[in-house]
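Here's the structure, in structure tokens; my notes come after.
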Amino acid sequence: MNTSASQRIQSIDILRGLVMVIMALDHVRDFLHNDAMLHDPLDLKTTTPILFFTRWITHFCAPIFVFLSGLSAGLAGQKRSRAQTSSFLIKRGLWLVAVEVVLITLALSLNPLYNMVFFQVIWAIGISMIILGLLLRISNKIILPLGLLLIVGHDALQYLPQPKNVVSTALLNILFTARFYIIPLPGNHFLAFLYAVLPWTGIMLLGYAVSAWYVNESHQKNRRLALSITGFLLLIAFILLRSAIGYGDPSPYVSQRNITGSVLAFLNVSKYPPSLQYTCLMLSFGFIFLAVTENSHNRLANLFKVYGKVPFFYYVPHFYLIRIVTIVVFFASGYTVKNIISPNIPFLFRPATMGFSLGVTYLFWIGIVALLYWPCKWFAGYKQRHRGKWWASYV
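Numbered per my numbering, the sequence shown spans residues 3 to 397.
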């Protein structure tokens, strides 16, 4: 492979670090904003512009992170045989699903009995990696067409009759349409599917296909041009789909009574599952960002690279750090042991009315991200020194 790895990985790490920092804002808001458990920040009837964009800006995180996971898998595959890449992706996918079920669920709920198990973005990435690994055993040629079919075609399911069979309904939700799909189990236990797998798989497959653009460093100018053109085409596609065509989102655009409301409504596309309009808008900026940051060496880029080099090490601890802060705030706010469990809220130590203003929530976000900077920087160096170890590819 002739690619300069440092140059290639740099832009990927910068973008991945940026979206992970932004992602933490949404998670901090969930647990520390005083309105998070009461109202949907994207509900145009109750939100404010600043609250709307606080939530909306984090919409970039999941699709770009999944896309970069596919892109990174493709880059790693350039150093391995197809069989080795397939085996690695399947094993890492299984590992990520286990992490979601055991570590992330516990961090979210703080419930050691696991009454509710959450299946979110790490689960979607894990299953998508398994699917990608299996597809590699068939043919590379089907990856891009299948990815595009899943991204573009899954929205058509909303026009089809819904199944009446319980099993078919469950499969449809888990694979394609889940928003917050609950499966009850015996003994007051539940499975909560927030991320429908296959639309996210399509995004990962697209990322894997784009990795072919990074094969040769001599093609850097062509790659940057291709990334830029693709980004702008996706943005144009979003505008056309949203304003004129209407396909690609379950909530069509409806003009509001004022300009601000109309802008919010135009941008208010569906993440659960990721609609075509949503995917076009969010990935458009990802493609453009990759193009413009390929040779970035400024302080801000270096800051984001620290987080982007160790996404797993950042992702899991950041939830636990947020929840430690939540517990401290819980008792500091005057709540007692009898308030640990709140009705209809699966998160312990999270009463519906607990929390702070949005401004204070932003300060907590900055503080939590800052606290993770030095551990992430240390672990990036440690991982680099042990890059030949088998475990280094899993954390």
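A virtual CB, placed ideally from N, CA and C, is assigned to each residue, including glycine.
Judged by their CB atoms, residue 276 and residue 202 are nearer to each other than the 8 angstroms cut-off. Look at residue 347 here: in three-state DSSP terms it is coil, with no helix or strand label. Bridge partners of residue 119 according to DSSP: 193. Secondary structure at residue 375: helix, using DSSP grouped into helix, strand and coil.
A Cβ-Cβ separation of about 31 angstroms leaves residue 383 out of contact with residue 34 under the 8 angstroms criterion. Considered as a whole, the region 211 to 282 harbours 222 to 242 and 261 to 269 as its complete alpha helix (DSSP H) runs of no fewer than 4 residues, in chain order. No Cβ-Cβ contact shorter than 8 angstroms links residue 134 with residue 200. With a 10 Å radius around the Cβ and a threshold of 16 neighbouring Cβ atoms, residue 197 comes out buried.
One thing to note: residue 70 has its Cβ no nearer than 8 angstroms to the Cβ of residue 148. Using a Cβ distance threshold of 8 angstroms, residue 107 and residue 123 do not count as a contacting pair. In the three-state reduction of the DSSP assignment, residue 187 falls in the strand class. If you draw a straight line from the Cα of residue 240 to the Cα of residue 15, it is about 26 angstroms long. If one requires a minimum length of 3 residues, the beta strand (DSSP E) runs lying completely within the region 105 to 188 are 118 to 121 and 183 to 187, in chain order. In the structure shown, residue 320 adopts helical secondary structure according to DSSP, grouped into three states. Counting only runs of 4+ residues, the alpha helix (DSSP H) found wholly inside the region 282 to 343 occupies 301 to 310 and 313 to 334, in chain order. For residue 176, the closest C-alpha among the options 195, 144, 264 and 163 is that of 195.
Considering only 244, 261 and 260, the residue with the shortest C-alpha distance to residue 270 is 244. The three-state secondary structure of residue 35, taken from DSSP, is strand. The region 89 to 105 and the region 165 to 175 do not touch, with fewer than 3 CB-CB distances between them shorter than 8 angstroms. Note that the C-beta distance between residue 209 and residue 53 is not below 8 angstroms.
The criterion of a C-beta distance shorter than 8 angstroms is not satisfied by residue 323 and residue 290.
Distance between residue 329 and residue 341, taken at the CA atoms: about 12 angstroms.
Residue pairing for residue 90: DSSP places it in no beta bridge.
Pairwise C-beta distances place the region 290 to 310 in contact with the region 14 to 32, as three or more of them are shorter than 8 angstroms.
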